[in-house]
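Numbering (my numbering) for the sequence shown: 114 to 562. C-beta: ideal position from N, C-alpha, C; glycine also. Computed from a predicted model, the values in this text were never measured in an experiment. What follows is one structure encoded as structure tokens, with my remarks underneath.
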Amino acid sequence: MSQSTARREPPMPPSMPPPGPVEDVGAVESPWLTDAGRAVRDRIRELQPLIREQAREGERIGALTPDVLKALDEAGIYRMTMPVEWGGTALGARDLVEVVAALGEGDGSAAWSAFVGVGLRHFLALEPRLVEEIRKDVEGWVGPAMVGASVFATKVGDARKVDGGWMVRGPWPFGSGSKHARWAMVGVAFDPAVGGGTGRGVVVLEREQFEILDDWHVMGMSATASNSLQVEQEVFVPDYRFLDVGEFPPRLDELRRRYGGAFRQSMRGFLTTVVLTKTSINLGMARGALACFAEQARKSKPFTLPYPTVSEMASAQVAAGRALAMIVLAGSTIERYADQVDARTEAGLEFSDAEESEISLALAYSANLCEDAINLLQKTLGSSTISLSNPIQRFVRDARVVTSHGAIRVDPLAEQNGRRLLGIAPFPMIGAAVPQRGTPAPGNAPAPA
């Protein structure tokens, strides 16, 4: 071939980077991630080795270890949903997603302890006298100020009206953080003919008034201290420590005018934030499982195929890539809706019933996608992961507990959205998951346009 007819490669454009690794230019963070949120998240990332190291001991004792509890307290976890006026940081939805996910990378139970505080901030809607009493009482307290147990559950405790207050008793399951909190807020049912109101309310109990039952023996989330609380013999609760559930909506709305930051969220914005932080637990655990998988795959030898390490198996590489895709998609969904909550809070906009229901379904599906990624990674590594010293098996069990929670189960949420899509009136719900009490379920009449 002559020189004139030889094929020549086209010249490389001047703007093209030279062959080899492209320089990392950094990521553009969400505009809704604040300096305060970033600081708490980064501190949690530094604590991840301690959190993961002590996770097994936390399972054994059924609570966070003293070292982890103290570290989380010092990092500001139990102040991040409190008003600035209390010395808190009043973090928004995107901040909370980042922090809870970072905790989940270390241990699901630690992340759950942070998530619980998001929902419990509504105790600020109680009587100002009580709020001030709690604020003063927990100064210097290490851990959460309050535990909530069966606050809006189907079955709650009993209360009867007496002069100046209420006589209260009952068991209240699922008191997450019970071994670390100073106060407890629990749900009660009462006779509205005597007590007035809706027949449902909440009361706040001092630590000396209730017993913590030794009944939290579960497959996952063992260190959340989600024990039942019990008052076997009636105790007296003064009127100012009681609130009818019917008074909650206007009281929560009042918080928007009293405090700044995340407290300016609408009711549905607040409820969506609760779901966001719950699903972020699984997001963090999936990220943690992927990191553990990568580390262990480089060291482990396959049981069957003659590769030097698991990491060199094509099937392991595909599993890692598929898990990454699941995690990225779930994270993008969760972060997108967190940004939407913060943006609408800033603009003073609300979510519609249909939007809230659709978001709840998407978030629940994201949590399940993260669980699928964790399961895929565990099965790919195989029997080496079943040792209780291996964090991957804990991620597997904890993720299943999260997706078993009634508020983020996919099928019921899918049914709600399917009814709407097919022209059948959806059931009346609070937070897209909890039935509205006293509201009759619709028949098969077409949904309003």
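Asked, Found
"Kindly give me the distance between the Cβ atoms of Ala262 and Leu342, rounded to whole angstroms, as I take these residues to be in contact under 8 Å.", "5 Å"
"Pull up the distance between the alpha-carbon of Met542 and that of Pro144, whole angstroms please.", "32 Å"
"For Val387, I'd like the list of residues in its chain whose CB is within less than 6 Å of its CB, leaving aside the five on either flank, ordered along the chain.", "Val231 and Gly232"
"Starting from the N-terminal side, write out each stretch of the beta strand (DSSP E) that is 3 residues or longer and does not extend beyond the segment 260-295.", "270-275 and 278-288"
"With distances taken between CB atoms, is the gap from Phe303 to Lys274 smaller than 8 Å?", "yes"
"Under 7 Å: does the beta carbon of Gln343 sit that close to some heavy atom of the ligand MG?", "Inclusion of the ligand MG in the displayed structure is not the case, the ligand content being empty and no account of it being possible."
"According to DSSP, is Arg313 helix, strand or coil?", "strand"
"What are the start and end residues of each continuous alpha helix (DSSP H) run of 4 or more residues lying completely inside the segment 177-213, in chain order?", "179-188"
"Enumerate in chain order the residues of its own chain whose CB-to-CB distance from Ser496 is below 8 Å, with the five nearest sequence positions on each side excluded.", "Phe416"
"So, for Asp180: in the same chain, excluding its five sequence neighbours on each side, which residues have a beta-carbon less than 8 Å away from its beta-carbon?", "Leu163 and Gln167"
"Using 8 Å as the cut-off, can you tell me whether the segment 487-503 makes contact with the segment 463-473, which would need three or more C-beta pairs spanning the two stretches below that distance?", "no"
"Helix, strand or coil for Asp155 per DSSP?", "helix"
"Using alpha carbons as the reference points, say which of Val197, Arg156 and Asp220 lies closest to Pro504.", "Asp220"
"Could you check whether Ala266 and Gly290 sit closer than 8 Å to each other, using their CB atoms as the reference points?", "no"
"Let's test the definition: count the other Cβ atoms within 10 Å of the Cβ of Asp455 and tell me whether it reaches 16, buried, or not, exposed.", "buried"
"On the three-state DSSP scale, how would you describe Met542?", "strand"
"Which residues mark the beginning and the end of the beta strand (DSSP E) in which Asp466 is found?", "Where Asp466 is concerned, there is no enclosing beta strand (DSSP E), although the alpha helix (DSSP H) it sits in stretches over Asp466 to Leu494."
"Are Leu185 and Ser226 touching if we call contact CB-CB under 8 Å?", "yes"
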